[in-house]
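Peer 1: Right, I'll just put the structure down here and ask away after.
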């Protein structure tokens, strides 16, 4: 599927952290519209995934002055499609494009896998207090990493966790959200949407990198990945889905019922 392709395509076009943060909302909307375009057009998903990603790679790299990855042309005269005001090129798929795609996909390796003991960490919460994973020893933990506060998908996901919070409490689980936003941003986000759970500030995305969470949109958009950690601190579930944020709630509740 196209969403899976974007989630595990690690190419980074050299955007600064500041510019990445400011453009996350636009990236989310662009990627969502891109997926809708592929479904609407009836194109084969395997072909359209690579074609669309190649096109977006060219667009992203040209806007930053960086060269695209091998096999992806930076200037092509090809048919275009337009949906919701987003114009997309549909470049032909060459063997070099496929090889480049495989090369980049193979470079993405998650450092924390199912069955591993979750590595310890300490981060600041929305109140500026230090919170360690070890604090929740003996309880199941739902640790979800999301791109940014106040973006459409992240707001939808946070509110879905909020609306199902009693179910998580009944399962004895702790819900923790993590993003690269500041504690102040988290505090405002939690207050605005009445979020009853902890939000941790991973400024610089250090924890995200340590855990090996793959980025979306060629690494420019932090991935949306959720972990379920059991009472013994062992990772029982790793779920990654950028485009269906509410599905994270369903998947985590399922696994909590079985551990």
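Residue numbers (the numbering used here): 1 to 259. Don't be surprised by glycine CBs; every beta carbon is placed ideally from N, CA and C.
1. Would you list the one or two residues that DSSP bridges to residue 124?
2. What does the alpha-carbon distance come out to for the pair residue 226 and residue 188?
3. Kindly list the residues whose CB is nearer than 7 Å to the CB of residue 201, restricted to its own chain and excluding five residues on each side of it in sequence; keep chain order.
4. Closer than 6 Å by C-beta to residue 179: which residues in its own chain qualify, once you throw out the five before and the five after it? Chain order, please.
5. Relative to the C-alpha of residue 207, which residue among 194, 121, 115, 258 is closest?
6. Taking its Cβ as the centre, do 16 or more other Cβ atoms sit within 10 Å of residue 117, making it buried, or is it exposed?
7. Can you tell me where the beta strand (DSSP E) with residue 195 in it begins and where it stops?
8. Note down the Cα distance separating residue 221 from residue 252, rounded to an integer number of angstroms.
9. Considering only residues of the same chain and omitting the five flanking positions on each side of residue 114, which have a CB-CB separation below 6 Å?
10. Does DSSP put residue 153 in a helix, a strand or coil?
11. Are the CB atoms of residue 198 and residue 172 within a distance shorter than 9 Å?
12. Comparing C-alpha positions only, which one of 164, 174, 248 sits nearest to residue 141?
13. How many angstroms separate the CA atom of residue 229 from the CA atom of residue 159?
14. For residue 194, which residues in the same chain have their Cβ closer than 8 Å to its Cβ, ignoring the five residues on either side in sequence?
Peer 2: According to the data block:
1. BP columns for residue 124 point to 130, 201.
2. C-alpha separation (whole angstroms): 22 Å.
3. Counting only Cβ-Cβ distances below 7 Å, and skipping sequence neighbours, we find 123, 124, 181, 182, 183, 186.
4. When the five nearest sequence neighbours on each side are left out, the beta carbons in the same chain lying within less than 6 Å of the beta carbon of residue 179 are those of 146, 148, in order along the chain.
5. That would be 121, whose Cα lies nearest to the Cα of residue 207.
6. It counts as exposed.
7. Boundaries cannot be given for residue 195, as no beta strand (DSSP E) includes it and DSSP labels it neither H nor E.
8. Taking the straight line joining both Cα atoms gives about 23 Å.
9. So the qualifying residues of the chain are 235, 238.
10. Three-state result, residue 153: helix.
11. It is not a contact, given that the beta carbons lie outside the stated cut-off.
12. The residue among 164, 174, 248 with its C-alpha nearest the C-alpha of residue 141 is 174.
13. Straight-line Cα distance between these residues: approximately 21 Å.
14. Hits under 8 Å: 162.
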